[in-house]
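Read through the structure below, which is laid out as structure tokens, and then see the notes.
There are 2 protein chains.
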Amino acid sequence: MSAQLANLAGQASVNFMLLPLPGEQLRRVLDVGEVVRVTSLEPAFAAGEPVAHVHFPLTAIFSLVARVDGHKTVEVATVGNEGLVGLSVFLGASTTLNEAFCQVPGESLRVPAADFRRLLPETPMLRRQLARFTQATLIQTAQAVACNTAHTVSKRAARRLLMTQDRVGKDTFPMTQEFLGLMLGVRRATVSEAASELQSGGLIRYSRGVMTVVDRRGLEEAACSCYAVVRAEFDELRSL
Amino acid sequence: MSAQLANLAGQASVNFMLLPLPGEQLRRVLDVGEVVRVTSLEPAFAAGEPVAHVHFPLTAIFSLVARVDGHKTVEVATVGNEGLVGLSVFLGASTTLNEAFCQVPGESLRVPAADFRRLLPETPMLRRQLARFTQATLIQTAQAVACNTAHTVSKRAARRLLMTQDRVGKDTFPMTQEFLGLMLGVRRATVSEAASELQSGGLIRYSRGVMTVVDRRGLEEAACSCYAVVRAEFDELRSL
DNA sequence: ACCGTTATGTACGTTAGCTGACATAATGTT
DNA sequence: AACATTATGTCAGCTAACGTACATAACGGT
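For the protein sequence lines, the chains are R and C, in the order given.
Be aware that the first sequence starts at 1, since it is given in this note's numbering, and climbs by one per residue.
Be aware that the second sequence starts at 241, since it is given in this note's numbering, and climbs by one per residue.
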């Protein structure tokens, strides 16, 4: 396993969609995939365009955003090594209305969409995993509908930071207020107020695009309940 | 086709997930399904509980809502005869975090979850259709995230009315301000202001739970662009 | 004809987040 | 050392929607 998914630096890394695959099925995926390094804000695909590749993130983290009225963006899902970027290909569509881009740079197993489509009929276990991931994504997105409608920016910001921390696995990671604003669908100035509130409460520390979670427990309390709901669903997914 | 799906009143009605099935596969679905009449606000299933049945709506319309903080609700998807209520069963989960209940009473083909699971491996065309519907639902929900974050209640109300009208196929249908408030995640009083604005503009007419779309074109202009985006996706789904 | 129930209208004070604008501070570049 | 660039802080005025509360109106049953 670790050998097959060794990343560019030679470190073992894992994607949970591929983890339970029998060796034969895993080999088929790896045969057509390529481990690539994705850089910050690099798009995986653009809205409306045919999807050229799907991504199984290894250390990279992607954001799926919806854009309204041409400019305003809101994140609809975050995808790390627990899932796949490009579900629409799995679901039989050739295009997608969401944009996906890299939130935290890192490595990702990139598979051409055509190869991926060809490979699906031969990999039942992968289909099963992806179906469960689709369900988790639906729940994540559904919760975001309610969360964005009901909760304050401060609570949502706390939740969003926890989501990223879960996926990077470290307490320090790249995050600017500008980016957080794009994710939450609010102005950067509003993020500034929410963030400095969290900072003065001793929950986080940040400077020029580097975010550190200081008091994880406290941040969980500052976040809305949506965090725990979605987290539970993804914990279950990872444990399958 | 019309014979197999004749509803309780003997009228032909159709569910687009079943429409393209070859006779053999359709028969298997109908063998285990039962056409039932669902009444207003009747739940298809509750959050967190095992899903006992899935529904292929015929003339009924269902709402999927997310609940936060125990009371506040927001709609995450509307499902009429273009889809299935109970996607989580299709996706391999036994429970769901969303609640689903009947928005517009009517008839629905109800299939026990266990039978549905058993039937899936034998009905590839149904799986294909449901995968496409899953994609459309993801897009609908993703758009709702952005819409609820970015748009005014008035525009969202207009959009929501159009969505229901599309599914009932008539310009008059049941809709109270209370219900609309639950869907939009806002107070009833806020809906009252938005609705009377739309009414005085000559776009709709309503009284005691009966809504009539008077100026369809005008209502489309009053709605946010999210309507057209989601509508296009579902038009494509129906035409497959 | 009456009355309880349900649907809708409205109003006042409050607040979160917006628009728009500008200020400060840290970093990299030359 | 000077400067451009990028990240962050802040402020004054505005608006949509909120919480709360109460009023009106239409319908259904007895």
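We put the beta carbon where it would ideally sit given N, CA and C, even for glycine.
None of these values were measured; they are calculated from a predicted model.
For residue i, which residues does DSSP report across the bridge?
{"i": "K395 of chain C", "result": "K395 of chain C pairs with nothing; no bridge assigned."}
{"i": "M451 of chain C", "result": "C:F413 and C:Y446"}
{"i": "P112 of chain R", "result": "R:H53"}
{"i": "E274 of chain C", "result": "C:R350"}
{"i": "V104 of chain R", "result": "R:I61"}
When you compare only the Cα positions, how much space is there between residue i and residue j?
{"i": "L438 of chain C", "j": "P352 of chain C", "result": "42 Å"}
{"i": "L349 of chain C", "j": "A66 of chain R", "result": "33 Å"}
{"i": "P361 of chain C", "j": "Q165 of chain R", "result": "39 Å"}
{"i": "R167 of chain R", "j": "F234 of chain R", "result": "11 Å"}
{"i": "R28 of chain R", "j": "L18 of chain R", "result": "11 Å"}
{"i": "F56 of chain R", "j": "A386 of chain C", "result": "25 Å"}
{"i": "E289 of chain C", "j": "A144 of chain R", "result": "21 Å"}
{"i": "S239 of chain R", "j": "M175 of chain R", "result": "28 Å"}
{"i": "T152 of chain R", "j": "L237 of chain R", "result": "28 Å"}
{"i": "V38 of chain R", "j": "Y206 of chain R", "result": "24 Å"}
{"i": "G320 of chain C", "j": "L420 of chain C", "result": "17 Å"}
{"i": "A371 of chain C", "j": "A131 of chain R", "result": "9 Å"}
{"i": "N15 of chain R", "j": "G449 of chain C", "result": "51 Å"}
{"i": "T149 of chain R", "j": "T389 of chain C", "result": "6 Å"}
{"i": "S280 of chain C", "j": "I379 of chain C", "result": "26 Å"}
{"i": "M451 of chain C", "j": "F413 of chain C", "result": "5 Å"}
Quick check on this structure: which residue in the options has the alpha carbon closest to the alpha carbon of residue i?
{"i": "F373 of chain C", "options": "R:R117, R:I139, R:S88 and R:A46", "result": "R:S88"}
{"i": "A398 of chain C", "options": "C:I444, C:F356 and C:L359", "result": "C:I444"}
{"i": "H311 of chain C", "options": "C:R358, C:M423 and C:T430", "result": "C:M423"}
{"i": "L331 of chain C", "options": "C:R368, C:D309 and C:N388", "result": "C:R368"}
{"i": "A300 of chain C", "options": "C:Q343, C:A384 and C:F419", "result": "C:Q343"}
{"i": "G185 of chain R", "options": "R:T73, R:F116, R:E82 and R:V210", "result": "R:T73"}
{"i": "R471 of chain C", "options": "C:T377, C:A354, C:D455 and C:S303", "result": "C:T377"}
{"i": "Q135 of chain R", "options": "R:G181, R:P22, R:G83 and R:V38", "result": "R:G83"}
{"i": "D115 of chain R", "options": "R:A222, R:S239, R:V32 and R:F62", "result": "R:V32"}
{"i": "R117 of chain R", "options": "R:S94, R:G169, R:P105 and R:F101", "result": "R:S94"}
{"i": "F341 of chain C", "options": "C:G320, C:A371 and C:F302", "result": "C:F302"}
{"i": "V469 of chain C", "options": "R:P105, R:D69 and R:P43", "result": "R:D69"}
{"i": "A44 of chain R", "options": "R:T96, R:N15 and R:G23", "result": "R:T96"}
{"i": "E42 of chain R", "options": "R:G23, R:V210, R:P105 and R:F16", "result": "R:P105"}
{"i": "R216 of chain R", "options": "R:G169, R:V210 and R:M125", "result": "R:G169"}
{"i": "G23 of chain R", "options": "R:L126, R:L64 and R:S40", "result": "R:L126"}
Apart from the five residues just before and just after residue i, which ones in its own chain have a Cβ nearer than 6 Å to its Cβ?
{"i": "N247 of chain C", "result": "Because N247 of chain C carries a pLDDT of 49, less than 50, the predicted location of this residue cannot be relied on, and no value is offered for it."}
{"i": "Y227 of chain R", "result": "R159 and L162"}
{"i": "G201 of chain R", "result": "none"}
{"i": "T381 of chain C", "result": "V316 and A317"}
{"i": "G86 of chain R", "result": "V51 and V54"}
{"i": "L304 of chain C", "result": "V316, A317, N338 and A340"}
{"i": "L119 of chain R", "result": "R28"}
Please return the same chain residues whose Cβ sits closer than 8 Å to the Cβ of residue i, not counting the five positions on each side in sequence.
{"i": "G10 of chain R", "result": "For G10 of chain R, the pLDDT reaches just 48, beneath the cut-off of 50, and the residue's location in the model is therefore unreliable, although a value from the coordinates is still provided. So no residue of the chain qualifies."}
{"i": "T363 of chain C", "result": "L261, Q265, R268 and V269"}
{"i": "K155 of chain R", "result": "A222, A223 and C224"}
Enumerate in chain order the residues of its own chain whose CB-to-CB distance from residue i is below 7 Å, with the five nearest sequence positions on each side excluded.
{"i": "Q177 of chain R", "result": "R188, V191, S192 and A195"}
{"i": "A286 of chain C", "result": "E339"}
{"i": "V453 of chain C", "result": "L401, Q405, D411, I444 and L459"}
{"i": "Q4 of chain R", "result": "Reliability fails at Q4 of chain R, whose pLDDT of 47 lies under 50, so the model's placement of it is uncertain and the value that follows must be treated cautiously. Here the set comprises L26 and L30."}
Give a single yes or no on whether residue i has its beta carbon closer than 7 Å to a heavy atom of the ligand ZN.
{"i": "P112 of chain R", "result": "Within the structure as shown, the ligand ZN is missing, as the structure has no ligands at all."}
Exercise for the section: Output the residue ranges of the beta strand (DSSP E) runs that lie fully inside the stretch 279 to 338 of chain C and measure 3 residues or longer, sorted by chain position. Expected result: Counting whole runs of 3 or more residues, the stretch 279 to 338 of chain C contains the beta strand (DSSP E) stretches 283 to 285, 293 to 297, 301 to 308 and 312 to 319.
Problem - Secondary structure, alpha helix (DSSP H): runs of 4+ residues fully inside the stretch 360 to 406 of chain C - result: Runs of the alpha helix (DSSP H) inside the stretch 360 to 406 of chain C: 364 to 390.
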